[in-house]
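What follows is a single structure, written as structure tokens, with notes after it.
In my numbering, the protein residues as written are 364 to 482.
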């Protein structure tokens, strides 16, 4: 008499198809990146109004208090003792936003707030 066995090959086939579909769909998703529309948020917290403002447009144009700066000059234009409010366009590519945060973190600047708008 044959013992019943569990055939897992179809399960593996289905899982591979699901993984392939999810990876292909994920590759089409884009994080799009002065007309700035901040992303929506459900939480509310007031930011300091006397802080410097770093505005990032969807074309990755950086402005500190309406003065255009490059990514390389960003840290030299900011006083590390002052608070910085970062506001970026909701269509800005996420990788560009991460470049700015990475530049700040590499220069030990951690005194910033990311601004959004309420739903």
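Don't be surprised by glycine CBs; every beta carbon is placed ideally from N, CA and C.
For clarity, every value in this text was computed on a predicted model and none was experimentally measured.
Whole-Å CB distance - residue i paired with residue j, under 8 Å assumed
i: residue 427; j: residue 415; result: 6 Å
i: residue 419; j: residue 460; result: 7 Å
For residue i, three-class secondary structure by DSSP
i: residue 415; result: strand
i: residue 478; result: coil
i: residue 381; result: helix
i: residue 434; result: coil
i: residue 455; result: coil
i: residue 449; result: strand
i: residue 441; result: coil
i: residue 467; result: helix
i: residue 425; result: strand
i: residue 387; result: helix
i: residue 367; result: coil
Among the options, nearest to residue i - alpha-carbon criterion
i: residue 457; options: 470, 437 and 422; result: 422
i: residue 450; options: 377, 429, 384 and 436; result: 429
i: residue 452; options: 366, 425, 386 and 375; result: 425
i: residue 436; options: 444, 454 and 417; result: 417
Beta-carbon gap between residue i and residue j smaller than 8 Å
i: residue 478; j: residue 442; result: no
i: residue 470; j: residue 438; result: yes
i: residue 462; j: residue 434; result: yes
i: residue 476; j: residue 440; result: no
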